[in-house]
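Encoded as structure tokens, the structure appears first; notes follow it.
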Amino acid sequence: MKKILFILPVILFSCTQNNKNTDAPTPRTAVTITHVSQGVINDSITLSATTAYLNKSSITSPIAAYVTKIFIEPGSKVQAGQTIFRLESKERNALGLDDNNTGGIIEIKTSASGIVTLVKQQAGDYVTEGTILCEIANQNSLVFQINVPYEYTQYVVGGRNCKIILSDGTILNANIGAPMASMNTVSQSQLYKAKANTGFLPEGLIATVSILKNNTGSPTQILPRSAVQCDVTMQQYWIMHLVNDSLAVKLDVKVRNSDKSNIEIASPVLSSSERIVLDGSYAMADSTLVKITQ
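Each position in the sequence shown, counted from 1, maps to that position plus 14 in my numbering.
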């Protein structure tokens with residue numbers, strides 16, 4: 015009788031431990047959810063462009079002389095007839111004449127209004143006849159030269175609008191003009207000119223150009239990019255949607271246009287109340303138990 019009483023508590027304790035192991039909760043993946051929305055994503059191509067002034071004139075020295083004064087700097091706006099350089103002939107410099115004697119002093123004036131794009135000389139420099147002192151550009155001749163790979167020339171059509179994004183984030187609306195006559199034989203790309211209504215910009219400034227390639231025309235289903243998964247070949251796409259509060263199931267989808275943030279869902283049609291896994295769906299297996307977090 016004593017032996018039976020000793021063994022029974024051991025058996026009861028063992029059963030209790032087995033029950034505790036059986037009731038352990040199944041791990042669940044923490045996820046956040048999103049819903050489909052309606053909108054339009056324009057399919058566009060992104061190219062690079064460089065600023066250039068097509069109409070520039072060079073100001074040269076009429077004689078051999080010393081540069082004694084410079085009244086401009088790159089970016090200066092000048093008017094026709096404005097004095098931009100003062101030169102001193104080598105003869106005057108050799109004689110050492112004072113300022114009361116103006117002989118041998120030559121003032122260089124502009125023949126037209128514009129913007130100074132280049133100053134090649136400094137005060138004290140000796141220049142020979144015909145030496146370039148500076149370059150002045152007609153501000154209205156500023157263009158963005160777009161570098162277009164040949165396979166994209168079908169989208170870059172004269173008269174078409176585009177958006178130009180400068181390095182400081184400024185967005186300009188521009189109009190595409192005619193292409194240049196020659197192509198770059200190495201990169202097989204062609205230069206197109208685009209004009210935008212803007213103030214002074216330095217020559218050689220690199221900008222980004224966005225040209226509309228295609229759009230759906232009417233609002234379609236849109237999801238955040240992080241809610242859509244794909245295979246390594248980017249041929250198959252799917253989402254993980256919730257069939258109840260704790261089970262996420264894989265659903266194949268077809269996609270269309272996309273941008274940095276969103277992607278269009280062509281099919282199937284999703285309800286606006288459909289709960290779709292946003293964060294936590296990466297590499298998730300079909301029929302995964304989940305826990306919704308805020």
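Note that CB positions come from ideal geometry on N, CA and C, so glycine has one too.
Being a predicted model, the structure only gives us computed values, none of them experimental.
Counting along the chain, Asn114 sits inside no beta strand (DSSP E), nor does DSSP assign it H or E at all. Under the 10 Å beta carbon count, Gln93 is surrounded by fewer than 16 other beta carbons and is classified as exposed. Per the Cβ contact rule, the region 43-58 is not in contact with the region 130-145 (fewer than 3 Cβ pairs under 8 Å). The way I'd put it, the region 231-240 does touch the region 268-283; three or more beta-carbon pairs between them come closer than 8 Å. According to DSSP, residue pairing for Pro88 in a beta bridge does not occur. Counting C-beta pairs closer than 8 Å gives fewer than three between the region 114-121 and the region 144-159, which falls short of the contact rule. Cβ contact annotation for Ala126 (same chain, cutoff 8 Å, sequence separation greater than five): Ser71, Ala94, Ile150 and Asn152, in chain order. Nearest to Ala79 by C-alpha distance, out of Val200, Gly89, Lys91 and Glu121, is Glu121. Only buried fits Thr65, as 16 or more other CB atoms lie within 10 angstroms of its CB. Ile190 and Val171 have their C-alpha atoms roughly 7 Å apart.
In this structure the region 253-265 touches the region 278-296; the number of beta carbon pairs closer than 8 Å is three or more.
Remark: C-beta atoms of Lys209 and Ser58 do not approach each other more closely than 8 Å. Contact between Val223 and Ile160 holds, with the beta-carbon distance rounding to 5 Å and staying under 8 Å. Counting only runs that start and end inside the region 219-273, the beta strand (DSSP E) elements of at least 3 residues fall at 220-228, 234-238, 251-256 and 261-272.
In this structure, Phe85 places its C-beta atom within 8 Å of the C-beta atom of Thr97. DSSP places Ser281 within a strand segment (E or B) once states are collapsed to three. Within the same chain, and ignoring the five residues on either side of Asn69 in sequence, the residues whose Cβ sits closer than 6 Å to its Cβ are Asn152 and Ser155.
The straight-line gap separating the alpha-carbon atoms of Ser181 and Tyr164 is approximately 25 Å. A distance below 8 Å separates the beta carbons of Gly138 and Val81. The three-state reading of DSSP puts Ser155 in helix, counting H, G and I together. DSSP, read as helix, strand or coil, puts Asn107 in helix.
Annotation: the continuous beta strand (DSSP E) that includes Gly191 extends over Ile185 to Asn198.
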